[in-house]
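**Student:** According to the working numbering, the sequence shown is numbered sequentially starting from 274.
All C-beta atoms in this analysis are idealised placements derived from N, C-alpha and C, irrespective of residue type, glycine included.
Predicted model only: the values in this text are computed from it and were never measured.
Before I ask anything, let me first share the structure, which is written out below as structure tokens.
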Amino acid sequence: MANFQLRQFHFFKREPLEDLPEAFKRPELLMASGGGELIFIADSDGSIHIVNRAFIVRSFVAISEAPDTRITQMLHIHQARTLVTIEENVSSASSRPVIKLWPVDKLMRQTDIQPVTVKYQQPTTTPYPLTAVAVTPSLSQIALGFAGGHIVLIRGNIAKSKSTKQRTLHAAPEPITNLHFVTDDIGTSVTLFATTTAQTLVFDTSATSNKNDASVLEERGCGIGCSLVNEERELIVARDEAIYFYTVEGRGPCFAFDAPKVMLRRFKHYLLLATAQPSPMVAAPTLANVSDDSSSLLQDSDSRIYSYNDATTFTILDTKNKLVAYTGVVAGGVRGVATEWGSVFVLGGHGTLDYFSEKDLLEKLDILYRQNLYPLAVKMAQNGNYDLASVAGIYKKYGDWLYSKDEFDSAMSQYVQTIGYVEPSYIIRKYLDAQRLVNLASYLQELHTAGMATSDHTTLLLNCYTKLRDEEKLNQFIHTQEDYQFDVDTAIYVCRQAGFYDQALYLADKFSKTGMYLKLKVEDQEDIKAALEYMRKLGDTDLSAYMAEFGRRCLSSLPRETTELLVD
């Protein structure tokens, strides 16, 4: 799939942060955040650095004894105010990963905290690196995914490492790459999404469920760090050709974006992507110590795992408005992404930290106006909860631009959207001057449908119909009006002048315009018989008045019938 259909913009401002704390200059950093107003950084020396909004750093030593042990993964469960770290010995293939839980609030007060170490058993006798971890917000379940293809589920009071039970949930022939829990609002229903390098799976891990059966959502997986769960409880999977959305029921829509993905994160309704030129590898950072058997699994897998390189591109995708909101190169690759304080922070492989702030909606719209991208501006304003009057202003701009290009029909389609917010005379003058009566009539029709028409607008609409000789629409309008908010005498006059006598008669009869009705019958249609029948229904006073006006014409045409009426 090609990306030619995606327009690219710079809707985010990118600023490199200077004079960074010393913690950011250390090698082999990991970065994590989770919506708790804090950013966590782990370095290769075993220290963790907590950064607040003022970029004040509080550090503590997480690993103090084993020199070859590194923190390979880190999660912040902000609902539980808990930091989860995974420690692995990078020089020993037989070591078992250590999972620790750190209470964040205590860490902010003191650094000599003893974490809770999660107790678990390896699912196989052959040790495998821990490639994926997921924890429920309540800390009641933790899922562990291994390079050997096993998923282990631990339930219980994990925060205190008490009364926990472990079971092997799944055994796949390929490495587990990602795990994500999804819970309902009250936490009783728990779903676990899982990806391998070859499959996308879902499990029911609710407390009442003891099933190990996996539902296969698709016979394709993704790389490590290339999936997430959004606020709608959907699993989003980034593959090279596109980005796919899943629910527990199966695959939903997809978003075409062709590039080798190495990282997927989320910010508001945006997707944050790190993409790179393919660099197939056997050992990814979290798979550095895979045994010989599991290494072959990685090599034989159809879903390739990509390493970071100096050509990493950072892209911000707006899936709601179907556009690229930002794209740029990050030197040394993207080592971590944090989304805190309403902004995005990207840690580069060369020790850089870039700050991305979203431009406000007015700035974005101004960019779109300059490129005459009004449909996109309307869509973005609507998705941005712009008020209706402001959205109508964009439709007006769009209509004006189309009108200037003599695209009168298209322009009117936009002007119709402004009814109720833009003064009708502004649009009416344009189409009167251009003698575009068909367009003008359609606008006036919509004005009446919206209940925004005045009597002048109705008179003008009738004039349009009569000049266009559009009897069908004239009849439809006259016969379907519930509230005749126009000058009836003028409407009758317009119809009479244009020769639409039946319509004029209908209005004259409906509104008891007796004199005009008789004028139409006697003078225009010369239907004296019908005029006499109509006058027979009148009272003596009215009959005398109208006979004085029309009697001579009636006597000359139908003397006997006229005399009989006078005698009666």
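Which parts of the segment 477–522 are runs of the beta strand (DSSP E), unbroken and 3 residues or longer, counting only runs that do not cross its ends?
**Tutor:** Counting only runs of 3 or more, we get 488–491, 500–502, 508–511, 515–520.
**Student:** So residue 304 and residue 545 are in contact, right, with Cβ under 8 Å, and what is the actual spacing, rounded?
**Tutor:** Residue 304 to residue 545, Cβ: 13 Å. No contact.
**Student:** Are the CB atoms of residue 723 and residue 306 within a distance shorter than 7 Å?
**Tutor:** Taking 7 Å as the Cβ cut-off, residue 306 and residue 723 do not qualify as a contacting pair.
**Student:** So, with DSSP's three-state summary, where would you put residue 752?
**Tutor:** Helix at residue 752.
**Student:** Just mark residue 329 as buried or exposed, buried being the case when its beta carbon has 16 or more other beta carbons within 10 Å.
**Tutor:** Classification of residue 329: exposed, given that the 10 Å Cβ count is below 16.
**Student:** Once the 5 residues before and after residue 653 are set aside, which same chain residues still bring their CB inside 8 Å of it?
**Tutor:** Result list for residue 653: 594, 634, 637, 638, 641, in chain order.
**Student:** Apply the 10 Å Cβ neighbour rule to residue 643 and answer buried if 16 or more other Cβ atoms are within range, or exposed otherwise.
**Tutor:** It is exposed - the Cβ of residue 643 has fewer than 16 other Cβ atoms within 10 Å.
**Student:** Could you pull out every residue in the same chain whose Cβ sits closer than 6 Å to the Cβ of residue 462, ignoring the five residues on either side in sequence?
**Tutor:** Hits under 6 Å: 479.
**Student:** What distance in whole Å lies between the Cβ atoms of residue 735 and residue 767, which are believed to be in contact at a cut-off of 8 Å?
**Tutor:** Right, the Cβ-Cβ distance comes to about 5 Å (below 8 Å), so this counts as a contact.
**Student:** If distances are taken between C-alpha atoms only, which option among 391, 455, 421, 410 comes closest to residue 427?
**Tutor:** Ranking the options by Cα distance to residue 427, first place goes to 391.
**Student:** Whole angstroms is fine: what's the gap from residue 567's alpha carbon to residue 327's?
**Tutor:** Because the pLDDT at residue 567 is just 35, under 50, the model does not fix this residue reliably, and the value given afterwards should be weighed accordingly. Near 44 Å, if we compare the C-alpha coordinates of residue 327 and residue 567.
**Student:** Let me know if residue 458 comes out buried or exposed under the rule of 16 or more other beta-carbons within 10 Å of its beta-carbon.
**Tutor:** Per the 10 Å Cβ criterion, exposed.
**Student:** For residue 431, which beta-bridge partners are listed by DSSP?
**Tutor:** Note: residue 431 sits in no beta bridge, so no partner.
**Student:** Can you look up residue 412 in the DSSP assignment and give me helix, strand or coil?
**Tutor:** Note: residue 412 maps to coil in three-state DSSP.
**Student:** Would you say residue 808 and residue 819 are within 7 Å of each other, going by their C-beta atoms?
**Tutor:** It is a contact, given that the beta carbons lie within the stated cut-off.
**Student:** Mapping the DSSP letters down to three states, classify residue 306 as helix, strand or coil.
**Tutor:** In the structure shown, residue 306 sits in a strand (DSSP, three-state: E or B).
**Student:** For a test of the three-state rule: what should DSSP assign to residue 455, helix, strand or coil?
**Tutor:** It is a strand residue.
**Student:** Name the DSSP bridge partner or partners of residue 631?
**Tutor:** 285.
**Student:** Go through its chain and collect everything with a Cβ distance to residue 741's Cβ below 8 Å, but skip five positions before and after it.
**Tutor:** Within the same chain, residue 741 has close Cβ partners 710, 711, 714.
**Student:** Buried or exposed: where does residue 590 fall if 16 or more other Cβ atoms within 10 Å of its Cβ makes it buried?
**Tutor:** The residue is buried, with at least 16 neighbouring Cβ atoms inside 10 Å.
**Student:** Which stretch, first to last residue, makes up the beta strand (DSSP E) that contains residue 362?
**Tutor:** 355–362 is the extent of the beta strand (DSSP E) around residue 362.
**Student:** Assign residue 443 to one of three DSSP states: helix, strand, or coil.
**Tutor:** Note: residue 443 maps to strand in three-state DSSP.
**Student:** Does residue 290 pass the burial test, meaning 16 or more other C-beta atoms within 10 Å, or should it be called exposed?
**Tutor:** Looking at its Cβ environment, which holds fewer than 16 other Cβ atoms inside 10 Å, residue 290 is exposed.
**Student:** Start and end of the beta strand (DSSP E) containing residue 609?
**Tutor:** Element bounds for residue 609: 607–613.
**Student:** Using only CA atoms, which one of 773, 599, 838 lies nearest to residue 284?
**Tutor:** Ranking the options by Cα distance to residue 284, first place goes to 599.
**Student:** Could you spell out the range, first to last residue, of the beta strand (DSSP E) harbouring residue 245?
**Tutor:** Here the chain has residues from 274 to 841 only, and residue 245 is not among them.
**Student:** Check each candidate in 507, 721, 363, 442 and name the one with the smallest Cα separation from residue 520.
**Tutor:** Considering only alpha carbons, the answer is 507.
**Student:** For the pair the segment 416–423 and the segment 377–390, tell me if three or more CB-CB distances fall below 8 Å.
**Tutor:** Short answer: they don't touch.
**Student:** Could you tell me the alpha carbon to alpha carbon distance between residue 489 and residue 541, rounded to whole angstroms?
**Tutor:** Straight-line Cα distance between these residues: approximately 28 Å.
**Student:** So residue 548 and residue 586 are in contact, right, with Cβ under 8 Å, and what is the actual spacing, rounded?
**Tutor:** Confirmed, about 5 Å.
**Student:** According to DSSP, which residues form a beta bridge with residue 348?
**Tutor:** Bridge partners of residue 348: 357.
**Student:** By the 10 Å Cβ neighbour count, where 16 or more other Cβ atoms means buried, how is residue 661 classified, buried or exposed?
**Tutor:** Residue 661 should be labelled exposed.
**Student:** So, with DSSP's three-state summary, where would you put residue 542?
**Tutor:** In this structure, residue 542 counts as coil in the three-state DSSP scheme.
**Student:** Taking C-beta to C-beta, are residue 396 and residue 425 nearer than 7 Å?
**Tutor:** In contact: residue 396 and residue 425 (Cβ atoms closer than 7 Å).
**Student:** For the ligand FAD, any of its heavy atoms closer than 6 Å to the Cβ of residue 312?
**Tutor:** Although the ligand FAD was asked about, the structure shown includes no ligands whatsoever.
**Student:** On the premise that residue 628 lies in contact with residue 288, defined as a C-beta separation below 8 Å, what is that separation, rounded to the nearest angstrom?
**Tutor:** Their Cβ separation, rounded to whole angstroms, is 5 Å, which keeps residue 288 and residue 628 in contact under 8 Å.
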